[in-house]
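Q:
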Amino acid sequence: MNLTPSDIAAVALSMKIAITATLISLPFGFAVAGLIVFGQFRGKVLLEVLVNLPLTLPPVVIGYFLLLLLGKHGWAGSALRAAGIEIIFTWKAAVIASATVGFPLLVRSIRLGMDSIDRQLLQASRSLGAPWYDTLATIVLPLSFRGMLAGSSLMFARSLGEFGATIIVAGNIPGLTQTIPLAIYDYASSPTGTTMALSLCLVSVVLSVAILFVHEGIGKKLEDGRSQ
Amino acid sequence: MNLRFDIEKQLGEFSLKINSEISGERIGIFGSSGSGKSTLVHLIAGLLHPDSGELYLDETCLYSNRKRIDLSPEQRRIALVFQQAMLFPHLGVKANLLYGYKRCRPEHRKISPEALTKVLNLEHLLQRGVGNLSGGEKQRVALGRAVLANPRLLIMDEPLSALDDSLRYQIIPYLRSVSEEFRIPYLFISHSITEMQLMTDRVLVVRDGRISGISTPDELARTNMALSPHGYMNLLRLKDPVMLEGLYHYPWGTGSLIVSNGREEGESLFELSSRDIILFKKNPEAISARNLIECRVAEMFDSGGRKGIVLESGSQRLVAEIVRTAAEELEISPGATLFAAIKATSFRRLG
Chain A
331 MNLTPSDIAA
341 VALSMKIAIT
351 ATLISLPFGF
361 AVAGLIVFGQ
371 FRGKVLLEVL
381 VNLPLTLPPV
391 VIGYFLLLLL
401 GKHGWAGSAL
411 RAAGIEIIFT
421 WKAAVIASAT
431 VGFPLLVRSI
441 RLGMDSIDRQ
451 LLQASRSLGA
461 PWYDTLATIV
471 LPLSFRGMLA
481 GSSLMFARSL
491 GEFGATIIVA
501 GNIPGLTQTI
511 PLAIYDYASS
521 PTGTTMALSL
531 CLVSVVLSVA
541 ILFVHEGIGK
551 KLEDGRSQ
Chain B
10 MNLRFDIEKQ
20 LGEFSLKINS
30 EISGERIGIF
40 GSSGSGKSTL
50 VHLIAGLLHP
60 DSGELYLDET
70 CLYSNRKRID
80 LSPEQRRIAL
90 VFQQAMLFPH
100 LGVKANLLYG
110 YKRCRPEHRK
120 ISPEALTKVL
130 NLEHLLQRGV
140 GNLSGGEKQR
150 VALGRAVLAN
160 PRLLIMDEPL
170 SALDDSLRYQ
180 IIPYLRSVSE
190 EFRIPYLFIS
200 HSITEMQLMT
210 DRVLVVRDGR
220 ISGISTPDEL
230 ARTNMALSPH
240 GYMNLLRLKD
250 PVMLEGLYHY
260 PWGTGSLIVS
270 NGREEGESLF
280 ELSSRDIILF
290 KKNPEAISAR
300 NLIECRVAEM
310 FDSGGRKGIV
320 LESGSQRLVA
330 EIVRTAAEEL
340 EISPGATLFA
350 AIKATSFRRL
360 G
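Chains as they are written, first to last, in this note's numbering: chain A, 331 to 558; chain B, 10 to 360.
Following this line, the structure appears as structure tokens:
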């Protein structure tokens, strides 16, 4: 396996983007999942549809919408620009793209975790003097932890592989916004890049396997801890 | 404790409309499955919101749509013990016990964790996880957790129905001792008349989402005698037996009761069905039943097509159940003397 400095930069950037996107999305994912599972309000179905939309939309479409939103003339983009914050064609745009595409996976996993919590546990907590936010922090959060972990690892893995939305909003600038999939795309477009592309593919496989091992390992530990 | 409610709640097809007032320290809510008793306690605890009406606990308004008051569950200080123990699975026994205690204002902390763990015999479980506790241990921890929240009112929502018979009657002494030791008023919800007799002084009877009456547990047992699969359950607390030929002779009334499955040490609680008592107008002299008690008819009552005969021996009473025609043929009337035959094996020891 032979990695060039720009390949290593792409690997590092992919990790940075995936970690940032996952960490930023986690609190939002927890809140949205909580709202869907425990909330009783009008428009709940609409919220569910909106959350799941990135799963069915082509990533390029998501990227294009983000470009319209965050671009020079987009309402968010122009406001950010006025505040001196540049998003488009930076690694931050790649984070937003990854977060948008991976968000439904995160929410789905956390929802599954929350759905498995017996409602009477929450009622017990409330009747023992815990306000709703206390119940959320001391009962829902720890009991959803496995779902959050599963969702985070899925989202992290999805972010590592994100291509379509990223290339639209962040471009493919080596050392700046080029992630592993974008670098592989570059090598695949070049007649001499097969070996380099395979090296990066191998890195991708190793990272994915490592994520799955970590995910399974922590899940097992939690299960053992609970049964003791 | 005084509980006053005039509330309505529609849940799909089911409508609950409760308008009543009840006072006491040990109140039962009795009803069959689906009668609305659990919905009622959820409304009292603030876990469900009424559609309209008012709900008062003593002088505190818990809910009033007119006054726009709806106290949250934590403001109400009403702790719940559920049918399943509902222990927090990610916390150990000690952390479960202290969950409500830590959230209770210091001025309300009248029951200490040390005193409670002693009464409930939980000391040896404190360092354990909750996953490998037995059903009875789990329910004791759940009870302790609720009591340690130092609530104004404790609600026990069918806390024994998930336990098998042997465990159920092991838990009842703990429930009673907690109530006696710490003086917390409680609502005990159940569809078991025996549990109502053991645990409550006054009973609110719920049927089809309405209050169908308020009675004593004894009145409830009498009313339901004919319908209940085991008739009227006589509950007997007996102690200091003498062992003779493998049978326990307990002092009772003006004589003794002979029981096959007694216990030498301490007080034992026995259950005896009204249908296991055979009445004779004259002494039958030779019968296989080990108990033949001469007693006086204190009173009689009707239940369905049956007659309940309240028998008195000294200061003790037993209820026997016979069909109406038998009562007529034997010409039983209050004040009459009868002989009651009971097999030694008819007594079921509960604890």
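Cβ coordinates follow ideal geometry from the N, Cα and C atoms, glycine included. Since the structure is predicted, the reported quantities are computational estimates derived from the model, not experimental observations.
If you run the structure through DSSP and keep just helix, strand and coil, what is A/PHE508?
A: Reading off the sequence, residue 508 of chain A comes out as Gln, not Phe. Here A/GLN508 sits in coil by DSSP.
Q: Taking the alpha helix (DSSP H) that B/GLN179 falls in, what are its first and last residues?
A: 174–191
Q: Between B/SER81 and chain A, is there a C-beta pair that is closer than 8 Å?
A: yes
Q: So, is A/GLN558 buried or exposed, given that buried needs 16 or more other C-beta atoms within 10 angstroms?
A: Caution applies to A/GLN558, whose pLDDT of 47 falls short of 50 and renders its modelled position unreliable; the value that the coordinates give is listed next. Per the 10 Å Cβ criterion, exposed.
Q: Less than 8 Å between C-beta atoms, sequence neighbours within five positions excluded: which residues of the same chain meet that for A/ILE354?
A: VAL425 and ALA429
Q: Would you mind listing the alpha helix (DSSP H) stretches within the stretch 106–148 of chain B that are 4+ residues and don't spill past its ends, in chain order?
A: Taking only runs of at least 4 residues, the alpha helix (DSSP H) segments lying wholly in the stretch 106–148 of chain B are 122–128.
Q: Consult DSSP for B/MET242 and reduce its assignment to one of helix, strand or coil.
A: strand
Q: Using only alpha-carbon positions, find the residue among A/ARG372, A/PHE358 and A/VAL391 that is nearest to A/PHE493.
A: A/VAL391 is the residue among A/ARG372, A/PHE358 and A/VAL391 whose C-alpha sits nearest the C-alpha of A/PHE493.
Q: Quick one: which chain A residues come within Cβ less than 9 Å of B/ALA54?
A: GLN453, ARG456 and SER457
Q: Give the interface partners of A/ARG469 over in chain B, defined as CB-CB distance under 7 Å, in chain order.
A: Residue 469 of chain A is actually Ile in this sequence, not Arg. Simply PHE97.
Q: Under 8 Å, with one C-beta from each stretch per pair, do the stretch 229–244 of chain B and the stretch 256–263 of chain B reach the 3-pair mark?
A: Verdict: no, contact absent.
Q: Check the Cβ of A/ASP445 against every Cβ in chain B and list those closer than 9 Å, keeping chain order.
A: Within chain B, no residue comes near A/ASP445; the closest Cβ sits about 15 Å away, beyond 9 Å.
Q: Between which two residues does the alpha helix (DSSP H) holding B/PRO260 run?
A: Run containing B/PRO260: none in the alpha helix (DSSP H); it sits in the beta strand (DSSP E), 256–261.
Q: Below 8 Å on C-beta distance, what does A/ALA363 contact in chain B?
A: The premise fails here: A/ALA363 is roughly 18 Å from chain B at the closest Cβ pair, so nothing lies under 8 Å.
Q: Looking only at DSSP bridge pairs, what is B/TYR195 linked to?
A: B/ARG35 and B/LEU163
Q: For B/HIS99, count the other beta carbons within 10 Å of its own beta carbon; 16 or more makes it buried, fewer makes it exposed. Which is it?
A: buried
Q: If you run the structure through DSSP and keep just helix, strand and coil, what is A/GLN558?
A: The predicted model places A/GLN558 with a pLDDT of 47, which falls under 50 and marks its position as unreliable, so this point remains unresolved.
Q: Taking contact to mean 3 or more Cβ pairs, one atom from each stretch, closer than 8 Å, check whether the stretch 490–509 of chain A and the stretch 336–348 of chain A are in contact.
A: yes
Q: Among A/SER520, A/LEU435, A/ALA527 and A/LEU410, whose alpha-carbon lies nearest the alpha-carbon of A/THR352?
A: A/LEU435
Q: Would a check of beta-carbon distances place A/LEU466 closer than 8 Å to chain B?
A: no
Q: If the criterion is Cβ atoms closer than 8 Å, does the pair B/GLY218 and B/GLY45 meet it?
A: yes
Q: Do you know how far the Cα of B/PRO59 is from the Cα of B/GLY138?
A: 37 Å
Q: Select from the stretch 95–125 of chain B all residues with a C-beta closer than 7 Å to any C-beta belonging to chain A, and list them in chain order.
A: MET95, PHE97, PRO98, HIS99, TYR108, GLY109, ARG112 and CYS113
Q: Take B/LEU236 and list the residues in its own chain whose beta-carbon comes closer than 7 Å to its own, dropping the five residues that flank it on each side.
A: Taking C-beta separations shorter than 7 Å and ignoring five residues to either side along the sequence, the partners of B/LEU236 in its chain run GLY313, following chain order.
Q: Do we get a CB-CB distance below 8 Å when we pair B/ARG161 with the residues of chain A?
A: no
Q: Quick one: is A/ASP337 buried, meaning 16 or more other Cβ sit within 10 Å of its Cβ, or exposed?
A: With 16 or more other Cβ atoms within 10 Å, it is buried.
Q: Mind listing, in chain order, the continuous alpha helix (DSSP H) runs of no fewer than 4 residues lying wholly within the stretch 373–428 of chain A?
A: 374–386, 389–400 and 405–412
Q: For a cutoff of 8 Å on Cβ pairs, would you count A/LEU473 as touching chain B?
A: yes
Q: Is any beta-carbon of chain B found at less than 8 Å from that of A/GLN450?
A: yes
Q: Using 10 angstroms around the beta-carbon of B/HIS51, count the other beta-carbons present and answer buried if the total reaches 16, otherwise exposed.
A: With 16 or more other Cβ atoms inside 10 Å of its own Cβ, B/HIS51 counts as buried.
Q: Quick one: what's got a C-beta closer than 6 Å to B/GLN136's C-beta in the same chain, skipping five residues either side?
A: none
Q: Would DSSP call B/GLY317 helix, strand or coil?
A: B/GLY317 falls in the strand class under three-state DSSP.
Q: Considering only the alpha carbon of each residue, which of A/VAL544, A/SER446, A/PRO504 and A/LEU458 lies closest to A/ALA480?
A: A/VAL544
Q: Taking the beta carbon of A/PHE360 as the centre, do at least 16 other beta carbons fall within 10 Å, making it buried, or is it exposed?
A: buried
Q: What does DSSP give as the partner residue(s) for B/MET309 in the beta ladder?
A: B/ILE318
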